[in-house]
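Q:
Put into structure tokens, the structure is as follows:
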């Protein structure tokens, strides 16, 4: 297993005594285990795998707060050293129904190394990066839901898992050179392939400090800044499998004088199922345009005639037998048939609006006995 480079002591007066040495001997590790709480068994609420304990925290914190929380509980933020360890933890998350969240990992990007490092400054040997990961500019690693690793901004809030190693863990085999600074220069390896074939990706290369023998040494041996380890690549847009499709133009809204006609559009693939317009990269087709812009022909305005008396049809007789009466409407109007006041037709004889009517005799004819 691996020791943590940052340790919080139970007694604050010893805090400045920790982390001052570049190399920890087995006796150093044993002393720290005895003094600062590396347990022989897992505390309550932690689960055991191999020689380490794990505590799942579904609450969300940024990476620094999550790390501090783990240190307060006597552990560190999660490091994954093998596929067996990751499989065990993912199975535990499934049991707890907590496998639908992202969890912080302790790996952070080191600009000088051009790669991700664990908290004890060792390189990430075992990894499960998802396609396109790690992404440029996102310096903190996380275990994605269900499978794979990803990256995110370190100030984002995610769930986290604390890891607490038992006394039986083995010290890390990280060796630190002790030569004095001399003729050491930064070296670079070839660029890796771009993470994507189009649409903007990143590619990386390894950068390291080396002496004249080209053997890698600690970065502190090189005094100047390291060369860039990441750069953008294949920034051209990806060809889209989606195209714009349009319907026929509808009839113009007006026959003259300027109208609008419209048509429908949709973004779809070969299956012709409508989808989001964002997937169609080409310029969107127009869906409305002007039509019938020629002026409308002028129509002659009819001058209303002089007012005259107008009548409606006679009504039915008011009685079915003997004498009754019929009525009709009489009103003064011009050719537009809008009623006017009666005085407008004062120079004309007004038609009668009431007349008598006789339909039949009301005497009943009785039969003879």
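Numbering (our numbering), first residue to last: 24 to 392.
Glycine included, C-beta positions come from ideal geometry on N, C-alpha and C.
Note that the structure is predicted; figures quoted are calculated from it, not measured.
Have a look at 305, 373 and 351 and flag the residue whose alpha-carbon is nearest the alpha-carbon of residue 332.
A: 373
Q: Can you list, in chain order, the residues of its chain whose CB lies under 7 Å from that of residue 69, leaving out five sequence neighbours each side?
A: Cβ neighbours of residue 69 beyond the five flanking positions: 76, 77, 78 and 187.
Q: Tell me, please, which residues DSSP counts as bridged to residue 99.
A: 186, per the DSSP bridge assignment.
Q: Please report how far the alpha carbon of residue 209 lies from the alpha carbon of residue 137, in whole angstroms.
A: 12 Å
Q: Enumerate in chain order the residues of its own chain whose CB-to-CB distance from residue 161 is below 7 Å, with the five nearest sequence positions on each side excluded.
A: 174, 175 and 176
Q: Once you ignore the five residues that flank residue 367 on each side, which residues in its own chain have a CB closer than 8 Å to its CB?
A: 330 and 355
Q: For residue 350, write down the residues that DSSP places opposite it in a beta bridge.
A: 377
Q: Pick from 169, 145 and 139: whose alpha carbon is nearest that of residue 159?
A: 139
Q: Please tell me whether, using a cut-off of 7 Å, the distance from the CB of residue 66 to the nearest non-hydrogen atom of the ligand ATP is below it.
A: The model depicted lacks the ligand ATP and carries no ligand whatsoever.
Q: If you reduce the DSSP assignment to three classes, tell me which class residue 239 lands in.
A: Three-state result, residue 239: strand.
Q: Going straight from the alpha carbon of residue 334 to that of residue 347, what length do you get?
A: 20 Å
Q: Starting from residue 71, trace the beta strand (DSSP E) both ways and give me its first and last residue.
A: 70-72
Q: Does the Cβ-Cβ distance between residue 351 and residue 363 come in under 8 Å?
A: no
Q: For residue 255, which beta-bridge partners are listed by DSSP?
A: 225
Q: Counting beta carbon pairs with one atom in the stretch 121-132 and one in the stretch 102-112, are three or more of them shorter than 8 Å?
A: yes
Q: Where does residue 147 land, buried or exposed, given buried means 16+ other C-beta within 10 angstroms?
A: Buried is the call here.
Q: How far does the beta strand (DSSP E) with residue 79 in it extend, from its first residue to its last?
A: 75-84
Q: With a threshold of 16 other CB atoms inside 10 Å of the CB of residue 343, please say whether the residue is buried or exposed.
A: Classification for residue 343: exposed.
Q: Between residue 288 and residue 264, which are expected to be in contact by the criterion C-beta below 8 Å, what is the C-beta distance as a whole number of angstroms?
A: Going by Cβ atoms, the distance from residue 288 to residue 264 rounds to 17 Å, so no, they are not a contact pair.
Q: By DSSP's criteria, residue 211 is part of a beta bridge. Which residues make up the other side?
A: 230
Q: Could you check what DSSP says for residue 125 in three-state terms: helix, strand or coil?
A: coil
Q: Tell me the residue span of the alpha helix (DSSP H) that contains residue 139.
A: Premise fails: residue 139 lies in the beta strand (DSSP E), 138-140, not in any alpha helix (DSSP H).
Q: Does the Cβ of residue 365 have 16 or more other Cβ atoms within 10 Å, making it buried, or fewer, making it exposed?
A: Classification of residue 365: exposed, given that the 10 Å Cβ count is below 16.
Q: Is the stretch 244-255 close to the stretch 270-287, with three or more CB pairs under 8 Å?
A: no
Q: Once DSSP output is grouped into helix, strand and coil, what is the label at residue 298?
A: The answer is strand: DSSP assigns residue 298 an E or B state.
Q: To the nearest angstrom, report how far apart residue 241 and residue 134 are at their CA atoms.
A: 14 Å
Q: Could you check if residue 49 is buried or exposed, using at least 16 other CB atoms within 10 Å of its CB as the buried criterion?
A: The predicted position of residue 49 is uncertain, since its pLDDT is 47 and thus under 50; a value taken from the coordinates is nonetheless stated next. Flag for residue 49 reads exposed.
Q: Looking at C-alpha atoms only, which residue of 301, 296, 321 and 278 is the closest neighbour of residue 313?
A: 278
Q: Can you look up residue 88 in the DSSP assignment and give me helix, strand or coil?
A: helix
Q: Verify whether the separation of the beta carbon atoms of residue 98 and residue 182 is less than 8 Å.
A: no
Q: Among the residues of its own chain, which have a CB less than 7 Å from the CB of residue 156, if the five just before and after it don't count?
A: 172, 173 and 174
Q: Residues in the same chain with beta-carbon distance under 7 Å from residue 377, minus the five sequence neighbours each way, listed in chain order, please.
A: 348 and 350
Q: Counting only the same chain and skipping the five closest in sequence on each side, list residues whose C-beta sits under 7 Å from that of residue 302.
A: 263, 265 and 290
Q: Skipping 5 residues on each side, what residues in its chain have a beta carbon closer than 8 Å to that of residue 122?
A: 113, 116, 168 and 169
Q: Which of the three DSSP states is assigned to residue 383 in this structure?
A: coil
Q: Please check the pair residue 226 and residue 216, which I expect to be a contact at CB under 8 Å, by giving their CB distance rounded to whole angstroms.
A: Correct: roughly 6 Å between the Cβ atoms.
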